[in-house]
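2 protein chains.
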Amino acid sequence: MARCVIVCAGPGQGERPALEPDDFIIACDGGLHTAKALGLIPHLIVGDFDSYTGPLPEGIAVVRLKAEKDDTDSMAAIKIGLERGFTDFFLLNALGGRLDHTLGNLQGLIYLAERGAAGVATGCGDRAALLHAGRMELTGWPGRYVSALAVGGPARGVSTEGLYYPLCDATLEVSFPLGVSNRFVGDTAAFSVVEGCLLIVLPAQETPR
Amino acid sequence: MARCVIVCAGPGQGERPALEPDDFIIACDGGLHTAKALGLIPHLIVGDFDSYTGPLPEGIAVVRLKAEKDDTDSMAAIKIGLERGFTDFFLLNALGGRLDHTLGNLQGLIYLAERGAAGVATGCGDRAALLHAGRMELTGWPGRYVSALAVGGPARGVSTEGLYYPLCDATLEVSFPLGVSNRFVGDTAAFSVVEGCLLIVLPAQETPR
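Each protein sequence line maps, in turn, to chains A and B. To convert, take the position in the first sequence, counting from 1, and add 11; that gives our numbering. To convert, take the position in the second sequence, counting from 1, and add 11; that gives our numbering.
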């Protein structure tokens, strides 16, 4: 199944993701500037166009949102992607700008998880993936920091493999960031959670705090 | 009751808060650099000193943490503040750096709320306050964007006053950022929540997305 790539309007140009030929690309409002800068040609443009300035490119479908709406532009794009049957989402430039938008986009990952879809969000060097009652393996980040945080409620039955500080059938609470600043021992690590949502963050900076 | 000001190790110098003479200032590890830059003299220094470099100032009490610990430096400082009886916390330079630390510090606000303490976190221009089953009034931000997000679980019975998009006895879910990009109508707005935690964010940038 193809992947839905949503280019959000976060700061900076972002990191050009490795694209597959069948990725479906949605540019969200000001994210169209980012798409252009990264040389990505969106298949669909979504927004109320309060952050994109300039003429819209010709020949690309546009979904115009009302400025006064319940959905953020990113959430509108997520819903469109789900309606089109995508179950794998990549949100580009979705983190590290306005805190409320970063948190809103992370809530979008929970929205996806509740509907059986997988989501990854990136931005400003951070990368976050949501794991909902299942197992996730990450490869290719030897020695790197990685954090796991309960979001939306407690995450129960959390276990890890390949991390410096292992967790075994632990409960992570939303009020206690126990899983921050863990580290890959080797090339591969795995997280599993029995109940609840675990946000797995590969942070931008290498400086611990 | 005096306030506990925790200077975290987030990026940038941060904004010097309006200080009261009886504020108790804790510098967390690399936050000591920030405290110095802002001309703040901490009463206590806490950390495993992986992000602070240089000699520690003389005559200031130090709590040395082990590098391998469950608490982040910020959470250790929060616990020390609670042990000393503070019920009002201000986390400076706590947002906008590594995503996992930003989220960890926001979870620290939930930790405080669960113990009956009030907390505000700032960093990179963003400002976030946690409201736990109660009412909060904000004054002095006319026309400014403000967002309210459920954190840790649903927020029920959410009502607002003085906002462009009013909410009345609404339920906010952690998987749907309904309360993002609201706006002050006048100088004062109020939020109330009957059950659960509401994170109220005054975002840094004025560009909507």
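Glycine included, C-beta positions come from ideal geometry on N, C-alpha and C.
### Query
Which residue comes first and which comes last in the alpha helix (DSSP H) that contains HIS143 (chain A)?
In the first sequence, residue 143 (chain A) corresponds to position 132, counting from 1. Note, HIS143 (chain A): premise wrong, no alpha helix (DSSP H); beta strand (DSSP E) at 137–150.
### Message
Using a Cβ distance threshold of 8 Å, determine whether the region 145–165 of chain A contacts the region 81–98 of chain B, with at least three qualifying pairs required.
### Response
no
### Rounded C-alpha distance that separates GLY136 (chain A) from PHE60 (chain A)
Reading the first sequence from its first residue, position 125 is the one you call residue 136 (chain A). Reading the first sequence from its first residue, position 49 is the one you call residue 60 (chain A). Each residue's CA atom was taken as its position, placing GLY136 (chain A) and PHE60 (chain A) some 26 Å apart.
### Query
TYR156 (chain A) bridges to which residues according to DSSP?
To locate residue 156 (chain A), count along the first sequence from 1; it is residue 145. In the DSSP output, where bridge partners are listed per residue, TYR156 (chain A) has A:ARG194.
### Query
So, does the CB of LEU110 (chain B) fall closer than 8 Å to a CB anywhere in chain A?
Here residue 110 (chain B) refers to the residue found at position 99 of the second sequence. Yes, its Cβ sits closer than 8 Å to a Cβ of chain A.
#### Entry: ILE37 (chain A), enclosing beta strand (DSSP E) - first and last residue
Within the first sequence, the letter at position 26 stands for residue 37 (chain A). Unbroken beta strand (DSSP E) run through ILE37 (chain A): 35–39.
### Task
With a cut-off of 8 Å on the beta carbons, I'd call LEU183 (chain A) and GLY190 (chain A) a contact; round off their distance for me.
Along the first sequence, one-based indexing puts residue 183 (chain A) at 172. Along the first sequence, one-based indexing puts residue 190 (chain A) at 179. The Cβ separation is near 6 Å, so the contact holds.
### Task
Note down, in chain order, each residue of its chain lying with its Cβ closer than 8 Å to the Cβ of ALA201 (chain A), except the 5 sequence neighbours on either side.
Counting from 1 along the first sequence, the entry for residue 201 (chain A) is found at position 190. Within the same chain, ALA201 (chain A) has close Cβ partners ARG146, MET147, GLU148, LEU149, THR171, GLU172, GLY173.
### Rounded straight-line distance, which links the Cα of SER186 (chain B) to that of GLN118 (chain A)
Taking the first sequence and counting its residues from 1, the one referred to as residue 118 (chain A) is at position 107. Taking the second sequence and counting its residues from 1, the one referred to as residue 186 (chain B) is at position 175. Rounded to whole angstroms, GLN118 (chain A) to SER186 (chain B) spans 5 Å at the Cα level.
### Query
With burial defined as no fewer than 16 other Cβ atoms inside 10 Å of the residue's Cβ, what is the status of CYS208 (chain B): buried or exposed?
As a working mapping, residue 208 (chain B) is identified with position 197 in the second sequence. Buried is the call here.
### Query
Is GLY92 (chain A) helix, strand or coil by DSSP?
As a working note, residue 92 (chain A) is residue 81 in the first sequence. Reduced to three states, the DSSP call for GLY92 (chain A) is helix.
### Task
Classify ILE52 (chain A) as buried or exposed, calling it buried when 16 or more other Cβ atoms lie within 10 Å of its own Cβ.
As a position in the first sequence, residue 52 (chain A) is number 41, starting the count at 1. Under this definition ILE52 (chain A) is an exposed residue.
### Message
Taking 8 Å as the threshold (beta carbon to beta carbon), is LEU174 (chain A) in contact with chain B?
### Response
On the first sequence, position 163 is the one that residue 174 (chain A) refers to. LEU174 (chain A) does not count as touching chain B.
### Task
Please list, in chain order, all residues of the same chain as ARG95 (chain B) whose beta carbon is under 8 Å from its beta carbon, the five residues on each side excluded.
Along the second sequence, read from residue 1 onward, the residue named residue 95 (chain B) stands at position 84. The answer, listed in chain order, is CYS15, PHE35.
### Query
Using a beta-carbon distance below 8 Å, is ILE56 (chain A) in contact with chain B?
Translated into the one-based positions of the first sequence, residue 56 (chain A) becomes position 45. No - not a single Cβ of chain B is within 8 Å of the one on ILE56 (chain A).
### Message
One question on the structure: do ILE211 (chain B) and ALA139 (chain B) come within less than 8 Å of each other, judged by their Cβ atoms?
### Response
As a working mapping, residue 211 (chain B) is identified with position 200 in the second sequence. As a working mapping, residue 139 (chain B) is identified with position 128 in the second sequence. In contact: ILE211 (chain B) and ALA139 (chain B) (Cβ atoms closer than 8 Å).
### Query
When DSSP labels each residue in this structure, what does ASP99 (chain A) get in the three-state scheme?
The residue labelled residue 99 (chain A) in the question sits at position 88 within the first sequence. The answer is strand: DSSP assigns ASP99 (chain A) an E or B state.
### Query
GLU79 (chain A) to VAL196 (chain B), Cα distance in whole Å?
By one-based count along the first sequence, residue 79 (chain A) stands at place 68. By one-based count along the second sequence, residue 196 (chain B) stands at place 185. Looking at the two C-alpha atoms, the distance is approximately 15 Å.
### Query
Just curious, the beta strand (DSSP E) that GLY134 (chain B) is in, first and last residue?
For the purposes of this step, residue 134 (chain B) is taken as residue 123 along the second sequence, with counting starting at 1. Counting along the chain, the beta strand (DSSP E) containing GLY134 (chain B) begins and ends at 129–134.
#### Entry: For ALA72 (chain A) and ALA132 (chain B), the rounded distance between their alpha carbons
Here the question's residue 132 (chain B) lines up with position 121 in the second sequence. Here the question's residue 72 (chain A) lines up with position 61 in the first sequence. So the two alpha carbons sit approximately 41 Å from each other.
### Coil, strand or helix - THR218 (chain A) by DSSP
If you number the first sequence from 1, residue 218 (chain A) lands on position 207. The predicted model places THR218 (chain A) with a pLDDT of 46, which falls under 50 and marks its position as unreliable, so this point remains unresolved.
### Query
What does DSSP give as the partner residues of THR171 (chain A) in its beta bridges?
Reading the first sequence from its first residue, position 160 is the one you call residue 171 (chain A). Answer is A:PHE202.
### Query
Can you name the residues of chain B whose CB is closer than 8 Å to the CB of VAL18 (chain A)?
Locating residue 18 (chain A) in the first sequence gives position 7, counting from the first residue. Within chain B, no residue has its CB atom less than 8 Å from the CB of VAL18 (chain A), the nearest being about 12 Å off.
### Query
At a CB-CB cut-off below 9 Å, which residues of chain A make contact with SER158 (chain B)?
Counting from one through the second sequence, the residue named residue 158 (chain B) turns up at place 147. The contacting residues are ARG109, LEU110, ASP111, HIS112, LEU114, GLY115.
### Message
Alpha carbons only, please: which of B:ASN116, B:LEU55, B:ALA88, B:ASP111 is nearest the one belonging to SER192 (chain A)?
### Response
As a position in the first sequence, residue 192 (chain A) is number 181, starting the count at 1. It is B:ASP111.
### Query
Along the region 75–106 of chain B, what residues have a CB closer than 9 Å to any CB found in chain A?
ALA78, GLU79, ASP81, ASP82, THR83, ASP84, SER85, MET86, LEU106
### Message
Which of the three DSSP states is assigned to THR182 (chain B) in this structure?
### Response
Counting from 1 along the second sequence, the entry for residue 182 (chain B) is found at position 171. Of the three classes helix, strand and coil, the one that applies to THR182 (chain B) here is strand, per DSSP.
### Query
How is CYS15 (chain B) classed by DSSP in three states: helix, strand or coil?
Within the second sequence, the letter at position 4 stands for residue 15 (chain B). Strand at CYS15 (chain B).
### Query
Do the CB positions of ALA13 (chain A) and GLY41 (chain A) come within less than 8 Å of each other?
Here residue 13 (chain A) corresponds to residue number 2 of the first sequence, with the count starting at 1. Here residue 41 (chain A) corresponds to residue number 30 of the first sequence, with the count starting at 1. Contact flag unset, no.
### Message
Please report whether the beta-carbon of VAL196 (chain B) lies at a distance below 8 Å from any beta-carbon of chain A.
### Response
Within the second sequence, numbered from 1, the residue matching residue 196 (chain B) stands at position 185. False, the Cβ-Cβ gap to chain A never drops below 8 Å.
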